[in-house]
Each structure stands twice: as C-alpha cells, then as structure tokens.
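Here the structure is laid out as structure tokens; the discussion comes afterwards.
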Amino acid sequence: MDILVISMIYRIPIYAISLIINNPFLEKINEKIIKEIQNPENLQFNFSEMSILIIFSIIMILIIIYAIVLLTNGFRTATNLRKWQNYIWFVIALVISEILSKTLINLI
C-alpha cells in the first residue's frame, strides 16, 4: 500500500508539467517548430521566444527532478533502504521501467 501511495504522490509534479505545456506562448513556438520540422536549419527564434523556451525548460527539468526526489525519498521510507547498492538497483529499476513503459505505450 505504501508503494502505491508513493507512486501516486510522485505523479503530481509530472501532471503539473501538462498544465505548463498548455501555455499559449509554448503552443505558438510549437507550431513554429512543427512548420520547420523538415528544415530545422531555417528555424529562427527571436529573443522572447528563446527566453520563454529556456524558462519553461528549466521549470520542467526542476519539476522532473523534484518528482524523482519524491519517489526516491518515499521508496527509501517504505522499504527502509540503507545501503548505497540499493539505490543503484533503484535507479536501474527506474530507468528500465521508464524504457519499458515508453516502448509499450508506443506499441499500443
């Protein structure tokens, strides 16, 4: 039960990212990128667009890091991790589960 609660709390910051992505400024930039997908060398951003991209990218990276910290702390508390080897196995399991979930979602 503890692991289920941890995984649900871990997802809260991830869901917050979806709210950030639905920003109208990012949608305009996204449309611009999609138009030039075939010729990325023609893609030009002005200062405001580049600033928005950088700011939102930093915010999203920080949110993802926070989510991983939540997951690690919760898992450590639920399973009483003590050795550094357990953290290595935890990271390996996390990476494998992300790869598998992305692969399986694409197959659906």
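Heads up: the sequence shown at position 30 corresponds to 24 in my numbering, and the numbers run straight through without jumps.
Beta carbons are placed, not taken as given, at the ideal position from N, Cα and C, and that holds for glycine.
Predicted, not measured: the structure shown is a model, and the values here were computed from it.
Residue i versus residue j - alpha carbon distance
i, j, result
"residue 0", "residue 69", "7 Å"
"residue 94", "residue 82", "18 Å"
"residue 44", "residue 77", "43 Å"
"residue 50", "residue 16", "11 Å"
"residue 34", "residue 28", "10 Å"
"residue 37", "residue 31", "8 Å"
"residue 4", "residue 87", "15 Å"
"residue 74", "residue 2", "19 Å"
"residue 41", "residue 26", "15 Å"
Same chain only: Cβ atoms within 6 Å of residue i, ignoring 5 sequence neighbours per side
i, result
"residue -3", "72"
"residue 46", "19"
"residue 90", "none"
Extent of the continuous alpha helix (DSSP H) run through residue i
i, result
"residue 23", "18 to 29"
"residue 32", "That residue, residue 32, is in no alpha helix (DSSP H); it is neither H nor E in DSSP."
"residue 67", "41 to 73"
"residue 96", "78 to 101"
Contacting residues, own chain, Cβ-Cβ under 7 Å from residue i (five flanking each side not counted)
i, result
"residue 60", "7"
8 Å Cβ shell around residue i - same chain, five flanking residues per side excluded
i, result
"residue 10", "57"
"residue 23", "39, 43, 46 and 47"
Beta-carbon separation (whole angstroms), residue i vs residue j, contact threshold 8 Å
i, j, result
"residue 14", "residue 54", "6 Å"
"residue 66", "residue 84", "7 Å"
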